[in-house]
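Undergrad: Protein chains in written order, with the numbering used here: chain Y, 1 to 245; chain D, 1001 to 1245.
(1) Can residue 79/Y and residue 214/Y be called in contact, C-beta distance under 8 Å?
(2) To the nearest angstrom, how far is the alpha carbon of residue 1043/D from that of residue 1231/D?
(3) Going by beta-carbon coordinates alone, are residue 1041/D and residue 1225/D separated by less than 8 Å?
(4) Suppose only complete runs of 4+ residues qualify. What are the alpha helix (DSSP H) ranges in the region 14-58 of chain Y, listed by chain order?
(5) What is the rounded straight-line gap between the Cα of residue 1159/D and the Cα of residue 1099/D?
(6) Taking the continuous alpha helix (DSSP H) assigned at residue 1112/D, which residues delimit it?
(7) What residues from chain D crowd round residue 71/Y, counting only those whose CB sits closer than 8 Å?
(8) May I ask you to list, following chain order, the residues of the region 1140-1155 of chain D that have a beta carbon less than 7 Å from some beta carbon of chain Y?
(9) What span of residues does the beta strand (DSSP E) with residue 65/Y cover, start to end?
(10) Excluding the 5 residues preceding and the 5 following residue 950/D in the sequence, name in chain order all residues of the same chain whose CB lies nearer than 6 Å to its CB.
(11) Locate the alpha helix (DSSP H) running through residue 1077/D, then write down its first and last residues.
(12) Give the residues of chain D in contact with residue 59/Y, contact being defined as C-beta atoms less than 7 Å apart.
(13) Alpha carbon to alpha carbon, how far is residue 184/Y from residue 1157/D? Give it in angstroms, no decimals.
(14) Does DSSP classify residue 1011/D as helix, strand or coil?
(15) If the cut is a Cβ gap below 8 Å, which residues of chain D does residue 53/Y touch?
(16) Consult DSSP for residue 167/Y and reduce its assignment to one of helix, strand or coil.
(17) What are the boundary residues of the beta strand (DSSP E) that residue 4/Y is part of?
(18) Check whether chain Y comes within 8 Å of residue 1237/D, counting only Cβ atoms and requiring the distance to be less than that.
(19) What are the residues that DSSP puts in a beta bridge with residue 1071/D?
(20) What number of angstroms, rounded off, separates the C-alpha of residue 1192/D from the C-alpha of residue 1245/D?
(21) Is any beta-carbon of chain D found at less than 8 Å from that of residue 120/Y?
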């Protein structure tokens, strides 16, 4: 079975958390939006998402199609893929814990997005620049330290060796933590200067993920879309600032 | 086994989505913050959440304690409780679908919260009133119609009779949809005037939940905290406005 991934073209966005799960495990997947056949491309994405007869429509991309089932919401997709791709522990308790971590990462991702879009996601950044400056200041000064202080504590308290978030092996939450840190380094190089020193366990997860041979190959490939100012993590020089960490 | 719920005192907040699952099914639960014994009350909540040795700390309330396990993140708590309380279908597919719906409702809840706190959740509303007016206008004019248009479509396309979101029975996502609509009626009475007519299937879920005998009894009880301006759904007259629906 080949997994079909539906996501917007030209940006990493929330689709990237799903791509990383596929790429880390060498799992074949099709990016529907890049296909040329009927039912693929941008039309294929929109028609599938907006099909008026669909009994389980997704609210928004990313979503997967597996047989006749559409699976939406990033954390829900990863909870589905995790056991199938070996990216989460076997026990129900481990699965709940990794899902919980993923949802906390999803909250952080939404806050990063709202840093540049605090008023309305449908409007351009340039229409909400003054508000974005205020919200991003709060993100950098208060929210990032709080979130990463939390992840440091999780990593420090994991009784298993290996330095991962859950048990002794890389889970999809580690892949997502990598992606968030990578995105923050792109968006806020000045704020992130002292990150590795302030949050060494989180940075170590980032580095360990980046060193996985399949991930390293993916990051160098043309499949990895470059960060840009249409995604969640955006570099606007005027929003970057010195951080308390 | 009695479930122990940890949530802030004095507001419904995200804890209410968990309370509704317990109340709808007559499941005994303890509100730790209201207890007087050692390990209960506000101190009990904070010490449990901030315990430096905890291997699975929650990022924030609400969280459950079940035996020696802490389960955090509202949607994760409900995914755990759903099968145990009979609030989700039996099949893995139904469980994924209800989890997906719950995550979409969680996104909406976060947007409602950010309506009155678009800049910083740690600051008072009065420090971000001008920005709140802009963000709430966008919420009422664009986001609510988009979200509820989606839920109407889900309800219309459910092949099972009964009018519920998933299959032919009430799930925890229906309870959450009730709570969101109830909260929006409190926060935005003017904007919500035409809601029932514009989104009749969603309003019917609300009404059907409200009529469940256990829920009706709960809503009249002292256990139901009144909506107020410390929760997610807040009534600030200056933010309410005529809506396009």
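We put the CB at the ideal spot given by N, CA and C, even for glycine.
Here the structure is a predicted model, which is why all the values come from computation and not from measurement.
TA: According to the structure shown:
(1) no
(2) 21 Å
(3) no
(4) 15-24 and 41-50
(5) 19 Å
(6) 1092-1116
(7) 1096 and 1100
(8) 1142, 1150, 1153 and 1154
(9) 63-66
(10) Since the first residue of chain D shown is 1001 and the last is 1245, residue 950/D is not available in this structure.
(11) 1074-1085
(12) 1104 and 1150
(13) 40 Å
(14) coil
(15) 1157
(16) coil
(17) 3-6
(18) no
(19) 1064/D
(20) 8 Å
(21) yes
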